[in-house]
Each structure stands twice: as C-alpha cells, then as structure tokens.
Amino acid sequence: MEKQILVTRSSMPEFEEYIEEIRPVFESRWLSNMGKKHMTLIEELKQYLGVEKLDLFTNGHMALELSLDALNLSGEIITTPFTFISTTHAIVRNGLTPVFCDIDPLTCTIDADQIESLITEKTSAIMPVHVYGNVCDVEKIEAIAKKHNLKVIYDAAHAFGVTYKGKGIGNFGDVSCYSFHATKVFHTIEGGAAVYHDDEVGKRLWMLKDFGIQDEETIDLVGPNAKMNEFCAAMGLCNLRHVDGEIAKRKKAAERYRKNLSGITGLRLNCVQKDVNTNSAYFPVFFDPAVFGSDRNEVQAELKEHGIFARKYFYPCVNACGAYRKSYDPDDTPVAQEYSRQVLTLPMFADLTEEEVDRISEVILSCRK
Ligand SMILES: *Cc1c(COP(=O)(O)O)cnc(C)c1O
Numbered sequence: 000m001e002k003q004i005l006v007t008r009s010s011m012p013e014f015e016e017y018i019e020e021i022r023p024v025f026e027s028r029w030l031s032n033m034g035k036k037h038m039t040l041i042e043e044l045k046q047y048l049g050v051e052k053l054d055l056f057t058n059g060h061m062a063l064e065l066s067l068d069a070l071n072l073s074g075e076i077i078t079t080p081f082t083f084i085s086t087t088h089a090i091v092r093n094g095l096t097p098v099f100c101d102i103d104p105l106t107c108t109i110d111a112d113q114i115e116s117l118i119t120e121k122t123s124a125i126m127p128v129h130v131y132g133n134v135c136d137v138e139k140i141e142a143i144a145k146k147h148n149l150k151v152i153y154d155a156a157h158a159f160g161v162t163y164k165g166k167g168i169g170n171f172g173d174v175s176c177y178s179f180h181a182t183k184v185f186h187t188i189e190g191g192a193a194v195y196h197d198d199e200v201g202k203r204l205w206m207l208k209d210f211g212i213q214d215e216e217t218i219d220l221v222g223p224n225a226k227m228n229e230f231c232a233a234m235g236l237c238n239l240r241h242v243d244g245e246i247a248k249r250k251k252a253a254e255r256y257r258k259n260l261s262g263i264t265g266l267r268l269n270c271v272q273k274d275v276n277t278n279s280a281y282f283p284v285f286f287d288p289a290v291f292g293s294d295r296n297e298v299q300a301e302l303k304e305h306g307i308f309a310r311k312y313f314y315p316c317v318n319a320c321g322a323y324r325k326s327y328d329p330d331d332t333p334v335a336q337e338y339s340r341q342v343l344t345l346p347m348f349a350d351l352t353e354e355e356v357d358r359i360s361e362v363i364l365s366c367r368k
C-alpha cells in the first residue's frame, strides 16, 4: 500500500520549542483573557503582516462575525458564493442579508464589474474573499465603496502573508479577517484575527469578543466569548518564527505541480497575478470533462484509489447549500456554479515532497481520455 497523502498537513514547531513557549504560562497561571502571549502575538503579527491595528479571536469565523457587528451594518451585504460557508454564515448570523455576486473567471474572487448592478438602497457593505490567496480587485472595490458609501470587509482567511504591490493585503478595506485554523498557512491551532483601521471599530471588537464588557461595571454591548487563549497564542508565536520557510516550501511544491500539469488541455491551473506575492495556500485545478475526458469526480475517485485525498473546495457553492438554496438560485451566479463543479484542490502543505507531487500528477494525467 502506497503512503497516504492527505489534502493538508498542519505545520508544527519542534515540541521543545512549544514547551518553552508555554512554560511561563504554566508558571503564571494566566491562561486566557488577553495575557502576555496574546499581547505579544498581536505585536508580532502587526509587524509580519505590515499593518497597524489588529485584534485576535478564537477563530476566523468569530473575527468575521464580530467585524460585521463592530461596523454597525444593516440590510444587504454584497458577497461571493464561491467561498467557505463561514463567510455567508457570518452575514446571516448578524441579521443581515447576503446578496450573491458572481466571480471573476480568472481569479475566482468577486467580479468587481458586477457589484454595482447589485447595489440597492439597502446595501451597507461589500464582503469579498481573497479565495486561494488570490487577491480581489481591491482598487475597483475601493472605488465602488467610496462612490456608494459602503463598508468593505475582506475575508482574508486564505491570504496570510500575501502582499499586493508590496503592501500587506490586510491594509485594504475597512476590516480584513484572517483564519488561524490548524489547516491554514499560519495557525494558532484554532484562531483568527481582524485587521482594522478605525480606533472606534477596534474598541468595539475588543469589547465584543469579551461579552461586550468595557470594564467591571460597564457592559454596554452584547457580545459572545471569542477571546484567544494563551496556549493558542503561544503556538502562534512559535509558528510565526517558521512561517517564511513554510511558505517557501509550499511555493516549491506549487512550482512542481505547475511544471507537471501546465499546458494540459481541459485542465486549468490557478491564475498567477501580477504585483502579487502569493502564499501558495492551496493548489486548485479545474477540469473541463468535455476536453479532459474525465470529470472532477472521476479524478478525485482515481486519486483516492491511490491513497491521495484531494478536496472539492468549494462544492457546493454557498447559494446551492441546504441552508441557502431555498432563498437563492445558484444559476444566478453561473461562473461560481460551474467552477464548483470543476474544482479539485490537490494536496498542498509545506512538507509535501517533489516525489509526492509527481505521484499525484501522474495519477491525474492517467485520467486523460
Ligand atoms: C477557514 C475559513 C474561514 C473560517 O475560519 P475558522 O478559523 O475556521 O473559523 C472563513 N472563511 C474562509 C474563506 C476560510 O477558508
């Protein structure tokens, strides 16, 4: 039996490095509630991401949910259906209404040219996603937001460390939210962050993640508990020391995939964007069955036969999921719908070897008919 290759594998520091990092947490018995590791991680992330203001959360989803809350939005939010369900849930759980805009066929991010046609008097914000670490059309989105007085909240869960024209991607929009889940490029086991620019928004985020508490006797907001604990922050401090090396290794694996799989008819690779320094978070491939011969499901099954686990990320489209399909028609966003049927994200993680990439590529190429 060949060695199994899963779609992802978490980056880890050395065991001893983590133990040293949590030793003072054990000694102080300050385990959560904005302790030393939490505060240090905020500072180090600001530096790494090239941003000025940032707060930490239990996970990326809570960063999204509380950011929408902190911005005092109402009515409709224009967003993409080609994302992880969390983006849309964050909107709906705030009592807001998602309005789905189709995606750009090259970048898989929200099609900025279609946003304006979806704006109504109820629209209060745009919520795009930097899918697969691909950068949204941030300039066009900013111009639209300015013209119509809308807020912009980026779901940057895939975009840790990504820069556009030399600027950290978190600098765009009113808020950008990162996920530090174990499967992401950088992780804190579970965790997330919101980069913001307005101090009032920052104050609200800080209170909202702690039940809305301002001080012992002042609780003016209604918030959940979304505080990052010290053990997660410590894992983040360790992982941050190694993240550049991990991204470099991902890039090597991605290059190898590109070498093996580019120029194959019926098989499309993810775009390479000008002015973008990517993080190689994912390696999506899109199969056109009429040309390639096999469809995405057949390729996935064949890979599985060989102990290789690829994922349909994202399928179904959000507007085709049970939670939303009663209120929406996925055929309103035909590109997203088609891509969700064609996509397979191949195994991608720092420790993926070139031999493994070759093995995966060979199985895929054997599916051509
Ligand atoms: C991972 C992810 C989230 C949610 O982040 P968690 O840390 O798992 O809560 C949200 N949006 C996208 C696009 C993601 O990939």
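Residue 242 in numbering that gives the first Met the number 0 sits at position 243 of the sequence shown; the count goes up by one each step and never skips.
Just so you know, even glycine gets a beta-carbon here, dropped at the ideal spot from N, CA and C.
For THR78, the closest alpha carbon among the candidates PRO127, PHE210, ALA69, GLU64 is that of PRO127. With contact defined as three or more Cβ pairs closer than 8 Å, the stretch 184 to 203 and the stretch 234 to 246 are in contact.
In this chain, PHE308 is not harboured by any alpha helix (DSSP H), its DSSP state being neither H nor E.
At least one heavy atom of ligand 1 lies less than 8 Å from the C-beta of MET61. Taking a cut-off of 8 Å on C-beta distances, the stretch 113 to 131 touches the stretch 64 to 79, as three or more cross pairs fall below it. Note that the C-beta distance between ARG267 and VAL284 is below 9 Å. In this structure ALA322 does not touch PRO329 by the C-beta definition: roughly 13 Å separates them, more than the 8 Å allowed. Contact between the stretch 50 to 60 and the stretch 209 to 228 is established, with three or more Cβ pairs separated by less than 8 Å. Shown here, ASP54 sits in a strand according to DSSP, grouped into three states. Around the C-beta of ILE18, fewer than 16 other C-beta atoms lie within 10 Å, and the residue is accordingly described as exposed. DSSP, read as helix, strand or coil, puts LYS202 in helix.
Secondary structure note for VAL298: its alpha helix (DSSP H) is the uninterrupted segment 295 to 304. Residue ranges of uninterrupted alpha helix (DSSP H) with 4 or more members, entirely inside the stretch 138 to 218 and ordered along the chain, are 198 to 207.
Taken in chain order, the whole alpha helix (DSSP H) runs of length 4 or more contained in the stretch 312 to 358 are 333 to 341. The C-beta of VAL317 has 16 or more other C-beta atoms within 10 Å across all chains shown, which makes the residue buried.
If you look at PRO97, you'll find it in the beta strand (DSSP E) that goes 96 to 99. Nearest in C-alpha terms to SER326, of all of LEU65, PRO97, SER85, VAL174, is PRO97. The stretch 273 to 281 makes contact with the stretch 242 to 252; the number of CB pairs closer than 8 Å reaches 3 or more. Of the other Cβ atoms in all chains shown, fewer than 16 fall within 10 Å of the Cβ of PRO333; this residue is therefore exposed.
Taking 4 residues as the minimum length, the alpha helix (DSSP H) runs contained wholly in the stretch 73 to 122 are 84 to 91, 111 to 114, in order along the chain. Across the structure, ASN238 and ALA69 are spaced so that their CA atoms are roughly 29 Å apart. Contact between the stretch 210 to 218 and the stretch 254 to 273 is absent, with fewer than three C-beta pairs closer than 8 Å.
Under the three-state reduction of DSSP output, ALA225 falls in the coil class, being neither helix nor strand.
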